[in-house]
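Protein chains in written order, with our numbering: chain R, 11 to 329; chain C, 26 to 430.
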């Protein structure tokens, strides 16, 4: 193994893009006219939005695509400053290609503030001649109406199981790795239409065993998605309060999870706790209480540790 | 932070404990096991916290070349548990046959086991230990703070009679002082004579508390007023053991030159070791959490009159009502200690996320919540990809691998 498979096997041409036939056909009709409008790619993660944008640029510009394509991440550089400076600067420069326009790909556009989106709208209008925008988002509803109406909207669907399995098979064949027949179905099942996730799980699984098996898949997924919150809660419920406290602090310090996220993770994992339903309701109530307190300005660490203490107080005493 | 000094400087030999009489008696008892099963199969070490009981047991096993098998009150609770673990272990000599042929079974904190017994949680524990002492083929050490509590009741008396008994008295200030000096020399830190004397005197004969204190001062020297830390410690001690009326403690918290936001972190940390008294512990945590809510509201609404409620609630955080015998083992808030780390790890993680994000055309934030764990696993497991990505993403690979993803 030498590279991340998500990069190594990223499709280079529109026709190689997996599971988005409708999208690809429509885009190809733009290609034949050598022109594209502003585009809005909307859909869940791992369905090929970035890949499609990159492939489109390659097909439009050939060898010189890099000079005519700028990629920005709205969630890292969000805010109005990015629009006023980076985007505007890029948009006003005249393109050097024969088509007369370049492409600005703005990923995670739904993470932009509304003001930034409003500012973007003006820029999109003013520089349409020189720059075409491709915005990508998970939820098109989070993009303000005026922008939606100025773009051609493309909806990316979750990759269906058969397409996903086929793609994974191709990767393994090219890597020369064997696999148990149903192991790929298991990945596809787990990935919920997210191709990136499927490939990532597959690659981690390949480090566990020479032959991809159902077991290695579960092991890979388990290592990466250990239900940390559930472990901590069970620890406290078992009476091991000091260990639970340590794990909590480790998560904060080493994994950098915010207190608010931890509350959420506890909440999500609560359903998997094997305790009686009425106790679960009590626990849920207390968790809600600390969540509320945190919103009132109370400190996360103190409230979270008191939550562990609460669980500990509910612990069944061992035999 | 590095290893706790109490662990780093834990004596490994009996003579390092500076308790000649007691440790001689321990050795005599231990050697009697060489000639078969002695009359008293148990050895009871009792005395206040921080007087070297556990260290003595560990050192004994090292000197006798015995295996060491420890159960403390949080492990062993009931008859079944003791029979399942300690009793079973007492019959078999496994690997230990290659060593001195024995293993030392140590039951720590046996008196707090009996406190549970009164509440009906650990029924049968006392008689199970008594039974263990009748039948064990391996030496057993019991460790307790309070002999009288342990000896209460018929079973208790019978149990104590099956043991050789050794008392561990509080260390004298001068003994503690000499250990503190030695540590200062080893660690190459400077601490004034006055301060050392003060720590030694305030430790009330508890070596562990004194060493913890010393380490604490080292951590915060310069950064924090030492007297304030000392005062926090005193208040905490009064608070958790309710040595003064809440009203007086409240006043002391107010007069303390430390802001309540910090004080409450100390309080939380110092309550945690006392979780064995479960109900009191949980109640104390509730008080702290509620106090914290008021502190939060002070900050949010700039309503300083709410401070009073927070202080009241903190002053009510008592765990040991009228049990004056114990002494607080002072701890610094572990999260404060680790805050430096927090920033370091966050930076490493951010850099990892943004560099790998560039590589796969995604944002730092996206990587952080979606793909980072996968890439981390690959870097961990596969050398080839590690070498390649280190170069392509320009990662500081040692930093990245120090994360725990």
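Virtual Cβ for every residue (Gly too), placed ideally from N, Cα, C.
Go ahead and pull the three-state DSSP assignment for residue 166 (chain R). Coil.
Check whether the Cβ of residue 38 (chain R) lies closer than 9 Å to any Cβ atom in chain C. So no, residue 38 (chain R) is outside the interface.
Quick check: is the beta carbon of residue 102 (chain R) nearer than 9 Å to any beta carbon in chain C? In terms of beta-carbon proximity, residue 102 (chain R) stays away from the interface with chain C, with every pair separated by 9 Å or more.
C-alpha gap between residue 165 (chain R) and residue 33 (chain R), whole angstroms: Computed Cα separation, rounded: 7 Å.
So which residues of chain R does residue 317 (chain C) contact, with C-beta pairs closer than 7 Å? Within chain R, 308, 309, 312, 313 have C-beta atoms less than 7 Å from the C-beta of residue 317 (chain C), given in sequence order.
Taking only beta-carbon atoms, is residue 26 (chain C) less than 9 Å away from chain R? Caution applies to residue 26 (chain C), whose pLDDT of 49 falls short of 50 and renders its modelled position unreliable; the value that the coordinates give is listed next. Taking Cβ atoms only, chain R never reaches closer than 9 Å to residue 26 (chain C), which makes this a no.
So that I know if they touch, is there some Cβ in chain C lying closer than 9 Å to that of residue 235 (chain R)? So, interface residue.
For chain R, is any of its Cβ atoms less than 9 Å away from the one on residue 199 (chain C)? Not one beta carbon of chain R lies nearer than 9 Å to the beta carbon of residue 199 (chain C).
When DSSP labels each residue in this structure, what does residue 273 (chain R) get in the three-state scheme? The answer is helix: DSSP assigns residue 273 (chain R) an H, G or I state.
Pick from R:158, R:140, R:136 that is closest to residue 146 (chain R), judged by C-alpha positions: Selected option, being the one with the closest Cα: R:158.
In this structure, how does DSSP classify residue 143 (chain C) when only helix, strand and coil are distinguished? Its pLDDT being 47, under 50, residue 143 (chain C) is placed unreliably in this model, and the value from its coordinates should be taken loosely. Of the three classes helix, strand and coil, the one that applies to residue 143 (chain C) here is helix, per DSSP.
Locate the alpha helix (DSSP H) running through residue 176 (chain C), then write down its first and last residues. In this chain, the alpha helix (DSSP H) harbouring residue 176 (chain C) covers 172 to 176.
Compare the C-beta of residue 227 (chain R) with all C-beta atoms of chain C and state if any pair is closer than 9 Å. No, residue 227 (chain R) lies away from the interface with chain C (no Cβ there is under 9 Å from its Cβ).
Where does residue 233 (chain C) fall in DSSP's three states? Note: residue 233 (chain C) maps to helix in three-state DSSP.
Express the C-alpha separation of residue 89 (chain C) and residue 472 (chain C) in angstroms, rounding to a whole number. The structure shown does not extend to residue 472 (chain C), since chain C is modelled only from 26 through 430, so no value can be given for it.
How many Å lie between residue 195 (chain C) and residue 76 (chain C) at the Cα? Taking the straight line from one Cα to the other gives about 6 Å.
In whole angstroms, what is the alpha-carbon distance linking residue 188 (chain C) and residue 126 (chain C)? Distance between the alpha carbons of residue 188 (chain C) and residue 126 (chain C): 21 Å.
Residue from R:210, R:204, R:184 whose Cα sits closest to the Cα of residue 403 (chain C): Of R:210, R:204, R:184, the residue nearest in Cα terms is R:210.
Between which residues of its own chain and residue 38 (chain C) is the CB-CB distance below 6 Å, once the five residues before and five after are set aside? Excluding sequence neighbours, residue 38 (chain C) sits near 84.
If you measure between the beta carbons of residue 176 (chain R) and residue 28 (chain R), is that distance less than 9 Å? Contact: yes.
Report back the beta-carbon spacing between residue 357 (chain C) and residue 266 (chain C) to the nearest angstrom; my notes put them in contact at under 8 Å. Not a contact, Cβ separation roughly 19 Å.
Cβ-Cβ separation, residue 41 (chain R) to residue 77 (chain R) (assumed contact under 8 Å), whole Å: No, residue 77 (chain R) and residue 41 (chain R) are not in contact; Cβ-Cβ is about 19 Å, not under 8 Å.
Compute the Euclidean distance between the alpha carbons of residue 53 (chain C) and residue 185 (chain C), then round it to the nearest angstrom. If you take the alpha carbons of residue 53 (chain C) and residue 185 (chain C), they lie about 18 Å apart.
Kindly indicate which three-state DSSP category residue 133 (chain C) falls into: helix, strand or coil? Coil, per DSSP.
Close beta carbons around residue 197 (chain R), own chain, < 7 Å, minus the five adjacent residues each side: The residues are 178, 208, 211, 212, 227.
Once the 5 residues before and after residue 421 (chain C) are set aside, which same chain residues still bring their CB inside 6 Å of it? So no residue of the chain qualifies.
Residues of the stretch 401 to 414 of chain C with a CB closer than 8 Å to any CB of chain R: list them in chain order, please. Listed in sequence order: 402, 403, 406, 407, 409, 410, 413, 414.
Less than 9 Å between the beta carbons of residue 258 (chain R) and residue 321 (chain R), yes or no? Result no, Cβ atoms of residue 258 (chain R) and residue 321 (chain R) do not sit closer than 9 Å.
Using 9 Å as the limit for Cβ to Cβ distance, is residue 270 (chain R) near chain C? Not an interface residue.
Touching or not, the stretch 161 to 168 of chain C and the stretch 56 to 72 of chain C, by the rule of three or more beta carbon pairs under 8 Å? Touching, per the Cβ criterion.
Length of the line joining the Cα atoms of residue 34 (chain C) and residue 251 (chain R): So the alpha carbons of these two residues sit roughly 26 Å apart.
Residue 78 (chain R) at chain C interface by Cβ criterion, 9 Å: Chain C places no beta carbon closer than 9 Å to that of residue 78 (chain R), leaving this residue out of the contacts.
Would a check of beta-carbon distances place residue 108 (chain R) closer than 9 Å to chain C? With respect to chain C, the C-beta atom of residue 108 (chain R) has no partner C-beta closer than 9 Å.
Please state whether DSSP places residue 161 (chain R) in a helix, a strand or coil. Residue state, collapsed to three classes: coil.
Should residue 430 (chain C) be flagged as near chain R, meaning a C-beta pair shorter than 9 Å? At least one C-beta of chain R is nearer than 9 Å to the C-beta of residue 430 (chain C).
Kindly say whether residue 217 (chain C), judged by its beta-carbon, lies nearer than 9 Å to any beta-carbon of chain R. Chain R places no beta carbon closer than 9 Å to that of residue 217 (chain C), leaving this residue out of the contacts.
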